[in-house]
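Presented below is the structure to which this report refers.
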Amino acid sequence: MTLNNLSDLNAIARKMTAKGKGILAADESTGTIQKRFDKIGVPNTEENRRDYREMMFRAKDGMKHISGVILFDETIRQKAKDGTPLVKLIEEAGAVPGIKVDKGTKPLALEPGQTVTEGLDGLRERFVEYHKLGARFAKWRATYDPTKPSHNAINANAQALARYAALAQENGIVPIVEPEVLMDYDNDIDACERITEWVLKETFQQLYFAKVALEGMVLKPNMVISGMKASKRAGVEEVAERTVKVLKACVPSAVPGIAFLSGGQSDEEATAHLNAMHAFDPNLPWSLTFSYGRALQAAPQKAWSGKAENVPAAQAAFAHRAKMNGLASTGQWKKDLEKAA
Ligand code: 5MM
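Numbering-wise, the working numbering puts 250 at position 228 of the sequence shown, and it's gapless, one number per residue.
In structure tokens:
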């Protein structure tokens, strides 16, 4: 079967990775948002989750730099306090609403320590419903431990990513393909580079076998970076150079855009790395931007802390981070801009 909606998918993918903007990953599942709310002492109720996300989607200065928002199943169905669907707020801000469709990582049978992402059963029907609810793109995340590479885990996850991406495109939805080599360990940058390359090569091979049109997808990879617990961590220039090198070796130029995850980097680190990649190579074959969760939301979460009177301060914190990352996505960020703020 050939896609008859490829030009629409390509237009959406281009909008999602437009120059100077990036994607807000606000698709924390209920368990993950619990961890975020615990840090700021906010009870994890449906109302608080709604209020928190409404605060961001109504932040005009912040949303100027946001091209798309990834939502969790609960959020795509929620209405703002005044009854406006949250999806409508995102559209009114000029961003594309998207949906996380994976059901999380599960232990891979007979492979201790390895995981495979689940969620393919019934996915075609779920895509039909999500499209009706306003989603124009989706996200599926697979994770890998760089200290224990496994051919079986890399292969199983690549196949699942490819089957998900094909189903998304069949239903008029742009797939974000997110293979994440985790940075939670003590590995050096060499290990991250090796495994990232392996994972990307396998993923694009499976996307090819599954007939996924590269022009109608977005890649969301990790950066090539030292593990958080490494005794010696590579600097900003090295991360930028090695990341660009691996991406160029693995990602065909038919892919319109690449939007990084932050993976546990500090806010400023994630911005500096993206900026340095553009400085290193101003003529990249794809648009290169951000799709950050933690690195965009840590500051506004802290400023908000569950209190209505803190909404303006939280929106200002969100606007600042979104603006800094927007600048980084065109190589125009400077450290001084952080201090000035
Ligand atoms: C926002 O967090 C996303 C959902 O995580 P769970 O499925 O664990 O609830 C996550 O997939 C996120 O989109 C990516 O990991 C990127 O977020 P970071 O924080 O790494 O930039």
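In this text, a Cβ means the ideal position worked out from N, Cα and C, and glycines have one as well.
Per DSSP, reduced to three states, the secondary structure at residue 355 is coil, with no helix or strand assignment. Inter-residue distance for residue 228 and residue 174 is about 14 Å (C-alpha atoms, whole angstroms). Bounds of the beta strand (DSSP E) holding residue 163 are 159 to 166. Excluding sequence positions up to five before and after residue 262, its CB lies within less than 7 Å of the CB of 295, 298, 299 and 302, all in the same chain and listed in chain order.
Here residue 266 carries a helix assignment [DSSP, helix/strand/coil].
Annotation for residue 47 indicates a beta carbon within 7 Å of some heavy atom of the ligand 5MM.
Assignment of beta-bridge partners to residue 314 by DSSP yields 46. If the five residues before and after residue 339 are omitted, its C-beta is found closer than 6 Å to the C-beta atoms of 321, 322 and 325, all from its own chain and listed in chain order. In this structure, residue 278 places its C-beta atom within 8 Å of the C-beta atom of residue 309. Taken from the Cβ of residue 311, every heavy atom of the ligand 5MM lies 7 Å or farther away. Residues 140 and 141 of the same chain have their beta carbon placed closer than 6 Å to that of residue 125, with the five preceding and five following residues left out of the count. The Cβ neighbour count for residue 305, taken over all protein chains shown within 10 Å, is under 16; the residue is labelled exposed. Taking every protein chain shown into account, the CB of residue 74 has 16 or more other CB atoms within 10 angstroms, so this residue is buried. Take the alpha-carbon of residue 212 and the one of residue 314: they are about 24 Å apart. Checking the 7 Å criterion, the Cβ of residue 92 is within range of a heavy atom belonging to the ligand 5MM. Taking non-hydrogen atoms of the ligand 5MM into account, the C-beta of residue 264 is found less than 7 Å away from none of them.
Taking C-beta atoms under 8 Å as the contact rule, residue 197 and residue 239 qualify, at a distance of about 5 Å. With respect to residue 146, residue 204 sits apart: the two C-beta atoms are not nearer than 8 Å. Rounded to whole angstroms, the Cβ separation of residue 327 and residue 84 is 17 Å, and the two are not in contact under 8 Å.
Residue 79 is positioned such that its CB atom lies no closer than 8 Å to that of residue 122. Judged by DSSP secondary structure, residue 113 falls within the alpha helix (DSSP H) whose first and last residues are 108 to 114. If you draw a straight line from the Cα of residue 112 to the Cα of residue 231, it comes to about 34 Å. For residue 128, the enclosing beta strand (DSSP E) has its first and last residue at 127 to 129. Annotated three-state conformation of residue 84 is helix, per DSSP.
Excluding residues up to 5 positions away in sequence, 211 and 248 lie with their Cβ nearer than 6 Å to the Cβ of residue 256 in the same chain. DSSP links residue 178 through a beta bridge to no other residue. It is roughly 16 Å from the alpha-carbon of residue 45 to the alpha-carbon of residue 114. Only exposed fits residue 131, as fewer than 16 other CB atoms lie within 10 angstroms of its CB. When the Cα atoms are used, residue 193 and residue 207 turn out to be separated by approximately 37 Å.
With respect to the C-alpha of residue 332, the residue from 264, 81, 90 and 358 having the closest C-alpha is 81. Relative to the ligand 5MM, residue 202 has its C-beta within less than 7 Å of a heavy atom.
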